[in-house]
Amino acid sequence: MKLLGNILWLLFGGLATAFEYVVSSVLLMCTIIGIPFGIATLRIGMYVLWPFGQQVVAKPSSANYGCLNLMMNVIWIMCGGLAIWLTHIFFGVLLCLTIVGIPFGKKQFSLAGLALTPFGKEVVSE
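My numbering puts the first residue of the sequence shown at 1427, with every later residue one more than the last.
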């Protein structure tokens, strides 16, 4: 079921969203300061390609880097996180208009939260 969900996901906006993540990560990695943000974007982009069967959890070590994660998340929002968040919200609303698309819309909304604050979180298999 996860395989079918992931294939349908790619057709219903997952591929377009992953492409946006890849483009933004390449742009962010053009500067030395943007490399950590580009790596975070690539990590999320890989999750966006195949999201069913994986989940996002807070890193256990993030308590040690709370202030740094907060600072990186604020910079992230200003440098492109808001645009990606809007993409997830747009696709989520669009997908929730149909009954078949509701599970995919819910996944887009969960990705919207990750798009705003990616630092201090990691993707793990279910």
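C-beta: ideal position from N, C-alpha, C; glycine also.
Query: What ranges does the alpha helix (DSSP H) occupy inside the segment 1438 to 1474, keeping only unbroken runs of at least 4 residues that lie completely in it?; Result: 1441 to 1454
Query: Can you check which of these residues, PRO1477, LEU1454 and MET1504, is closest to THR1543 by C-alpha distance?; Result: MET1504
Query: First and last residue of the alpha helix (DSSP H) that includes LYS1485?; Result: Here LYS1485 belongs to no alpha helix (DSSP H), and DSSP marks it neither H nor E.
Query: Taking just the CA atoms, how far does GLY1518 sit from VAL1474?; Result: 13 Å
Query: For the 8 Å Cβ check, are there 3 or more pairs between the segment 1468 to 1485 and the segment 1439 to 1455?; Result: yes
Query: So, with DSSP's three-state summary, where would you put THR1519?; Result: Looking at the sequence shown, residue 1519 is not Thr but Val. The answer is helix: DSSP assigns VAL1519 an H, G or I state.
Query: On the DSSP bridge assignment, give the partners of GLU1548 in chain order.; Result: VAL1483
Query: Taking only three categories from DSSP, how would you classify VAL1526?; Result: coil
Query: Can you check whether the CB of GLY1527 is closer than 8 Å to the CB of PHE1438?; Result: yes
Query: From this set, ASN1499, ASN1495, PRO1477 and GLU1552, which residue's C-alpha is nearest SER1536's C-alpha?; Result: PRO1477
Query: Roughly how many angstroms separate the alpha carbons of LYS1428 and GLU1552, rounded to a whole number?; Result: 11 Å
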